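Its first residue numbered 1, the sequence shown is counted upward by one per residue in the working numbering.
Where a beta carbon is used, it is the ideal one built from N, C-alpha and C, also for glycine.
None of these values were measured; they are calculated from a predicted model.
Single-structure report; data block below.
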Amino acid sequence: MRKLLLASLFLLVPALAPAAGGGVPLQDADIDLTDQASLQRGAGYFVNYCMGCHSLGYMRYNRLADDLGIDEATLRQSLIFTGAKPGDLMISNMNPVSAEKWFGTAVPDMTLATRWRSPDWVYSYLKSFYADPSRPLGVNNLVFPNVGMPHVLAGLQGIQQPKFAEHPGTDGTPVKTVVGVEPAQGGTMTAEQYDAFARDLTNFLTYVGEPIKLERQRLGIWVLLFLAVLFVAAYFLKKEYWKDVH
């Protein structure tokens with residue numbers, strides 16, 4: 001029983017992790033894995049803005065193309081910039097040793113980001129960077145405090161500044177904490193455009209975390225229907241078998 005309880009707790013940890021974040025409410029990503037156009041845009045955004053550092057080590061280019069309805073010519077022209085072949089895994093060219101030296105930590109693979117953190121967490125994270133001169137890279141994040149990642153999307157979103165709230169500390173001295181962000185300098189996108197950008201990117205990462213999800217759900221319906229029919233047949237068979245048993 002003790003081992004069972006420990007195993008259950010272990011499985012619950014990933015589910016609790018997104019809520020922990022930076023202690024701020026997460027925004028609804030409102031993802032839609034049936035929106036192929038959104039997934040295609042998200043794939044392009046990831047390759048152009050994220051893959052310089054982050055890999056998708058469990059996803060192959062040609063699998064992505066097949067699932068998202070991308071022909072091979074478009075795949076080679078718009079999504080493969082590293083000299084990789086369509087059958088290769090989507091691995092960043094960044095040297096892991098150099099990355100750790102620059103950012104102070106290993107750069108994570110993003111294949112399972114939304115499985116571990118949740119789509120809402122990733123979406124909120126992409127929207128929660130703010131200027132913080134005290135940090136080595138000049139930015140911080142509401143959802144992931146003291147993150148080592150630079151705000152590579154600042155040119156699109158613009159610069160945000162923190163909003164503070166004051167509360168008494170343990171010794172009674174007033175302490176300021178960051179409770180939100182507000183625009184300080186505009187980027188090349190409007191707020192609505194950047195929201196759509198972040199949603200498409202999150203949608204794509206959600207697909208990458210479980211490419212078979214829609215097929216699994218479709219098959220699951222048929223399995224449940226089969227079990228329902230089997231239950232009815234088994235019930236009447238049981239009645240027939242036991243009717244003469246006293």
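Cut-off 6 Å between Cβ atoms - residues of its own chain near residue i, not counting five sequence neighbours on either side
i       : result
Leu-126 : Ala-198
Phe-103 : Gly-148
Ser-124 : Leu-26, Gln-27 and Val-143
Met-94  : Cys-53
Thr-258 : Residue 258 lies beyond the stretch modelled for the chain, which goes from 1 to 246, so this question has no answer here.
Gly-186 : Gly-158
Thr-74  : none
Opening and closing residue of the alpha helix (DSSP H) in which residue i lies
i       : result
Phe-204 : 191-209
Ala-37  : 36-45
Tyr-49  : It is not in any alpha helix (DSSP H) - Tyr-49 carries neither H nor E in the DSSP assignment.
Gln-161 : Segment 158-168 is the beta strand (DSSP E) holding Gln-161; no alpha helix (DSSP H) there.
Ala-228 : 213-242
Leu-126 : 119-126
Thr-114 : 113-116
Under 9 Å between C-beta atoms of residue i and residue j
i       : j       : result
Glu-72  : Pro-86  : yes
Gly-180 : Pro-162 : yes
Asn-140 : Val-107 : no
Leu-227 : Tyr-194 : no
Ile-31  : Asn-203 : yes
Val-122 : Ala-191 : no
Phe-61  : Ile-80  : Going by the sequence as given, residue 61 is Tyr instead of Phe. Contact: yes.
Lys-176 : Ala-184 : no
Option nearest residue i by Cα separation, candidates the options
i       : options                               : result
Ala-37  : Leu-201, Met-90, Glu-210 and Pro-211  : Leu-201
Ile-91  : Thr-111, Asp-28 and Thr-173           : Thr-111
Leu-68  : Ala-234, Leu-205, Leu-224 and Trp-242 : Leu-205
Ala-196 : Leu-33, Gly-23, Thr-34 and Arg-41     : Arg-41
Gln-217 : Tyr-45, Gly-23 and Thr-34             : Thr-34
Gly-23  : Glu-240, Pro-145, Trp-242 and Asn-62  : Pro-145
Ala-84  : Leu-219, Met-51, Trp-116 and Asp-109  : Met-51
Asp-109 : Gly-57, Tyr-241 and Ala-234           : Gly-57
Segment limits, beta strand (DSSP E) that includes residue i
i       : result
Thr-177 : 174-186
Arg-135 : Looking at the DSSP string, Arg-135 is not in any beta strand (DSSP E), and its letter there is neither H nor E.
Gly-57  : 56-60
Same chain only: Cβ atoms within 7 Å of residue i, ignoring 5 sequence neighbours per side
i       : result
Phe-236 : none
Glu-182 : Gln-160, Gln-161 and Lys-163
Thr-188 : Gly-155 and Leu-156
Ala-43  : Leu-64, Leu-68, Leu-79 and Phe-204
Buried or exposed by the 16-neighbour rule on C-beta atoms within 10 Å, applied to residue i
i       : result
Asp-120 : buried
Phe-129 : buried
Gln-77  : exposed
Lys-238 : exposed
Phe-46  : buried
Ser-55  : buried
Arg-64  : Checking the displayed sequence, the identity of residue 64 turns out to be Leu instead of Arg. Leu-64 should be labelled buried.
Leu-230 : exposed
Ser-98  : exposed
Thr-114 : buried
Contacts around residue i, its chain only, beta-carbon distance under 8 Å, and the 5 residues preceding and following it disregarded
i       : result
Met-59  : Leu-89, Met-90, Thr-111, Val-208 and Pro-211
Asp-132 : Gly-138, Val-139, Asn-140 and Pro-162
Pro-96  : Ala-106 and Val-107
Pro-292 : Any answer about residue 292 is impossible in this case: the structure gives the chain only from 1 up to 246.
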